[in-house]
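> Chains as they are written, first to last, in this note's numbering: chain A, 1 to 251; chain B, 1001 to 1589.
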Amino acid sequence: MKEFILGCLIFAGVSASAGVVDSLLVEVEKKTEITSDAQATVSLTQQKTGQGAKTTEMVWYRRDSDDAFMIVMTAPESEKGNGYLRMGENFWMYRKNTRTFQHINRDENIGGSDAQADDFEKRKLTELYQPVLDKDGKENLSEEMLGNIAVYRFEIKAKVNDVDYPKKIFWIRKDNSLVLKEQSFALSGSLMQTAYYLKYTLVDKGYAPAKMMFIDEFEKGNKTIVEISGISTKALDDKLFTKAYLENLSK
Amino acid sequence: MQQIINISFRNLVRQKRRNILLGVAIAFGALVLVLANAFSHGISKVLFEQIVKYTNGHVAISYIRNGNLMNQIFHDDVLIRDAIKKVSPADARVEEAVGFFGRAIGNGIADNVILVGVDMDSKLTEKEMKEFQANFKILDGSIEGLKDSAVVGYPVVLAKQKADYLKLKIGDVMRVRFTGVRNQTTSVQLTVVGIFKPSNVFMSSPIFLNIRHVRALAGYGPHDVATLQVNMGKPQLYAKKVANDIHAQLKPGLALMQGKGECANFTTDMLTLGFRTDSASISVLRKNLQLSSGDSASAFVYNGVILSHSLALQSNWKKGDTIRFSWSGKYDTAGNYARFVVSAVADSASPLPQKSLLVNERDFYRAYYNPLPSIPEASWNQNIPDTLNPLYKALAPQYLLMKRCATTDEYTKIYKEMGRSKYKGIMVSVQSMYETASAILNVEFAINLITIAAGLILFCIILIGVVNTLRMTIRERTREIGTMRAIGMQKKDVLSMFLLETGFLALFASVIGSIMAFAVMYGLSSITIDAGDNPMGMLLVEGHLYFAPTLEATISYVLLIIGITVFTAFFPSRRAAAMIVSDALRHVE
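#1: So is residue 86 of chain A buried or exposed if we call it buried at 16+ other beta carbons inside 10 Å?
#2: State whether the stretch 1412-1429 of chain B contacts the stretch 1061-1077 of chain B, with contact taken as three or more CB pairs (one from each stretch) at a distance under 8 Å.
#3: Cβ atoms of residue 1507 of chain B and residue 1570 of chain B: under 8 Å apart, would you say?
#4: Going by beta carbon distance, what residues of the same chain come within less than 7 Å of residue 1245 of chain B, once the five residues before and after it are set aside?
#5: Under a three-way DSSP split, which group does residue 19 of chain A fall into?
#6: Is the beta carbon of residue 1301 of chain B less than 8 Å from the beta carbon of residue 1321 of chain B?
#7: Give me the Cα-Cα distance between residue 1121 of chain B and residue 1231 of chain B, rounded to the nearest whole angstrom.
#8: Tell me the residue span of the alpha helix (DSSP H) that contains residue 1243 of chain B.
#9: Which same chain residues end up closer than 8 Å to residue 1114 of chain B when comparing Cβ atoms and leaving out the 5 residues on each side of it in sequence?
#10: Mapping DSSP to helix, strand and coil, what is residue 1460 of chain B?
#11: So, is residue 1175 of chain B buried or exposed, given that buried needs 16 or more other C-beta atoms within 10 angstroms?
#12: So is residue 1185 of chain B in contact with chain A if we call contact Cβ pairs under 8 Å?
#13: Contact defined as beta carbons within less than 8 Å: I believe residue 202 of chain A pairs with residue 212 of chain A. What is the distance between those atoms, to the nearest angstrom?
#14: Return the chain-ordered list of same chain residues with a C-beta closer than 8 Å to the C-beta of residue 8 of chain A, the five sequence neighbours on each side being excluded.
#15: Between the beta-carbon of residue 1556 of chain B and the beta-carbon of residue 1544 of chain B, is there less than 8 Å?
#16: Which of the three DSSP states is assigned to residue 1257 of chain B in this structure?
#17: Rounded to whole angstroms, what's the CA-CA distance from residue 1583 of chain B to residue 1495 of chain B? Just pull it up for me.
#18: Please classify residue 1109 of chain B: is it buried, with 16 or more other beta-carbons within 10 angstroms of its beta-carbon, or exposed?
#19: Could you compute how far the alpha carbon of residue 242 of chain A sits from the alpha carbon of residue 37 of chain A?
#20: At a Cβ threshold of 8 Å, is residue 10 of chain A touching chain B?
#21: If residue 1273 of chain B sits next to residue 1168 of chain B, beta carbons under 8 Å apart, how far is it from one beta carbon to the other, in whole angstroms?
#22: How would you call residue 2 of chain A, buried or exposed, if buried means at least 16 neighbouring beta carbons within 10 angstroms?
#23: Could you tell me how far apart the beta carbons of residue 1117 of chain B and residue 1211 of chain B are, in whole angstroms, since I believe they sit closer than 8 Å?
#24: Could you name each continuous alpha helix (DSSP H) segment of 4 residues or more that falls completely within the stretch 1147-1213 of chain B, going from the start of the chain to the end?
#25: Residue 1542 of chain B and residue 1134 of chain B - do their beta-carbons sit closer together than 8 Å?
#26: Taking residue 1557 of chain B as part of the beta strand (DSSP E), name the residues at either end of that continuous run.
#27: For the candidate residues A:53, A:35, A:127, A:83, whose alpha-carbon lies nearest to that of residue 23 of chain A?
#28: Quick one, which of A:27, A:43, A:67 has its alpha-carbon nearest residue 35 of chain A's?
#29: Per DSSP, residue 1112 of chain B forms a beta bridge with which residues?
#30: Taking three-plus beta-carbon pairs below 8 Å as touching, is the stretch 1380-1392 of chain B in contact with the stretch 1276-1291 of chain B?
#31: Residue 219 of chain A versus chain B: which residues are under 7 Å apart at the beta carbon?
#32: Can you check whether the CB of residue 1224 of chain B is closer than 8 Å to the CB of residue 1363 of chain B?
#33: So for residue 1382 of chain B, helix, strand or coil by DSSP?
#34: Just the chain A side, please: which residues come within less than 7 Å of residue 1422 of chain B by C-beta, in chain order?
#35: Classify residue 1364 of chain B as helix, strand or coil using the three-state DSSP reduction.
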């Protein structure tokens, strides 16, 4: 029923183009929003030109009540036992070798990847982006086929200054509003990154991306594959989100 | 006394060979001390004037926004420039330092780069022009090409090493990706218009663009400003004072936003303030604010928004309402708007300004700097907590002024604190290069200490020679001493005679040693050294060793040498003076 209503909205939107992209964004957020405690294993394979592939594995825990999370690195060997803990505004990095917790900066990289502490701040797409309108005031929304899947393609632009990319294009499935492809553009209009959402998994009432591929369009040959497995939404013990627990894990 | 001086001088000349050999040893010691001091002072001067001056300026006013070390931005250039203008010497020059780390792709190869802005519009003095040309020894193209607007993308000048690595030549186009000052990823095409030979290792990795282009690409607005460097004549005299004075000029008040609030068909003029969300501030808020609606857990947290009692009463707005707050900018009159969801309402006893909204600092500063709001009308200043009010410290300031530091270590600590701080606004730091780079002064001090220690060891060896020579002289002249004492010369005159003789020797030798040191400096600094990529090349000035001798240091060394020599000569001279006349006259070799 929901899909039908959305389909009607979009049909009306394609012809009238009033607020359809916004409703699609809301739908995308709803579909993938986590509203419970969660635990998952994340594997991150980075391939850089001339440097080969580097795989990082971690276990990720999230507490719903205060959006706290903890990451425990499990591979490679040099990172094993290290971890990250965020509670409220505090973000710590734990180093197994020195058994110390370090308060980390918001611009610091996580586990040698390109992800930064700041990236973990939860902000909604609808708070950050708005539809791109053409000269007639219509949204840039169209229906396409991505491979053999029917999708909506729409463009959005940043409405705040502090986002990584000021313009994005999304391809979302018509049948279930899941993102299949996302392109990110620099202010100059250059394509910087393409993300493919290759696999989703059903989690409670929503979906979670299980495999994603991020292609660096600026430096050809660089790509990152993120695989998420073992997702569980069982309630997590509060003691998990403590420094002591993180420290004990690596003993 | 004149007679004693004459006798001492005659004795000095009488034993030429022995004294010349001893004098050469003392002169060599003086040469080493003066030369080493001039070299260490030269290193320090080169590091300060060639490196620190360009990277930090004599005085630097720098910023960090939202704890991000790469967010070097302040949104009110007029405020900072006015503060500098009020206290800087007339010859002071203010320059903006804009730089960003990026990734460049040349012809089939990528490398990390630093994009640095060059001010192509300011008029340079002859000296500055000479310095500029020494830093940019253009091998191909021209630096003036940075003004060229007909190229693909933007013009860029880079060092030969970087151009070779990226396989670029004049006219080639490179692509660069970097994160701008607002954290947005930016991609840009740059056309190579100049290739230069770097004057030091620090000049080989940046790529240079017109500062106007970098500012625009990085997202600086017309009144946004990056780190400002103040350079002046005689920085060793004025830099610290200027830094102190600029620091004193900057007095951040509370950040206030006057604007219009809209919600549920009701529009009103209102005031928005921010509150700090560190634990100390939250505890102050809990103690001083009572809530009539909502609870502390949702109000005094990193995403809390508290409505004042008066505004709630007038508007009927309540917990859970979303207020659309719009304001006009101080410079950008078009202004902007933000939405805040009310999480609690303060009661009538709470000391909040009339018709105000208290917003957590994260959401508040996102609005406050985007754009900077106009100064509120005087009527709004009523009921604003003053500095004596306990609530004051828990409210968000316009910016946070970091304390002055005394050493490089302190500066590093402050910088780390700025990075780790949970403060979401802009932190401002004012420091002179003598504090931020005090480690260089420590290096100079350490080199001087090592030199003096080595010099003193050398002098110990030389002084053994002095003592030995004097003992021989006294022994040879024993009968002469006896004769002089017999015809009426006093003990103290004998003592003075020997001390003066040694003193003259030390004086002439150390002066000659110092002159020789200047000659060696001249000779060494005439040799052209091609350091290539060697980092030690940064210690050279235009391919030459640089010495910075000072008159004070040279005179001090000469006096030190005379003092030590005379002190050493004192004991054998005293023995000579204390001889019994009859024994001295009977002395036979």
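C-beta: ideal position from N, C-alpha, C; glycine also.
With the structure as the only source:
#1: Taking all protein chains in view, the Cβ of residue 86 of chain A is crowded by 16 or more other Cβ atoms within 10 Å, so the residue is classified as buried.
#2: yes
#3: no
#4: Only residues of its own chain outside the window of five on either side were considered, and among them 1087 have a CB closer than 7 Å to the CB of residue 1245 of chain B, listed in chain order.
#5: coil
#6: no
#7: 17 Å
#8: 1235-1249 is the extent of the alpha helix (DSSP H) around residue 1243 of chain B.
#9: 1099, 1100, 1101, 1102, 1205, 1206, 1207
#10: helix
#11: buried
#12: yes
#13: About 16 Å; that fails the 8 Å criterion.
#14: Confidence in residue 8 of chain A is poor, its pLDDT being 42 and thus under 50, which makes the residue's placement unreliable; the coordinate value appears in the next sentence. Around residue 8 of chain A: no qualifying Cβ.
#15: no
#16: strand
#17: 18 Å
#18: exposed
#19: Going by the C-alpha atoms only, they are around 15 Å apart.
#20: Residue confidence is low: residue 10 of chain A scores 42 on pLDDT, short of 50, so the model does not pin down where it sits. Its coordinate-derived value is still stated next. With 8 Å as the cut-off, residue 10 of chain A does not count as an interface residue toward chain B.
#21: Actually they are not in contact, since the Cβ atoms of residue 1273 of chain B and residue 1168 of chain B sit about 52 Å apart, beyond 8 Å.
#22: Note that residue 2 of chain A has pLDDT 42, beneath the 50 cutoff, so the model's placement of it is unreliable and no number is given.
#23: Contact between residue 1117 of chain B and residue 1211 of chain B holds, with the beta-carbon distance rounding to 3 Å and staying under 8 Å.
#24: Within the stretch 1147-1213 of chain B, complete alpha helix (DSSP H) segments of at least 4 residues are found at 1160-1165, given in chain order.
#25: yes
#26: Where residue 1557 of chain B is concerned, there is no enclosing beta strand (DSSP E), although the alpha helix (DSSP H) it sits in stretches over 1551-1577.
#27: A:127
#28: Looking at A:27, A:43, A:67, the one whose alpha-carbon comes closest to that of residue 35 of chain A is A:67.
#29: B:1103
#30: yes
#31: 1103, 1105, 1110
#32: no
#33: For residue 1382 of chain B, the three-state secondary structure derived from DSSP is coil.
#34: 89
#35: In the structure shown, residue 1364 of chain B sits in a helix (DSSP, three-state: H, G or I).
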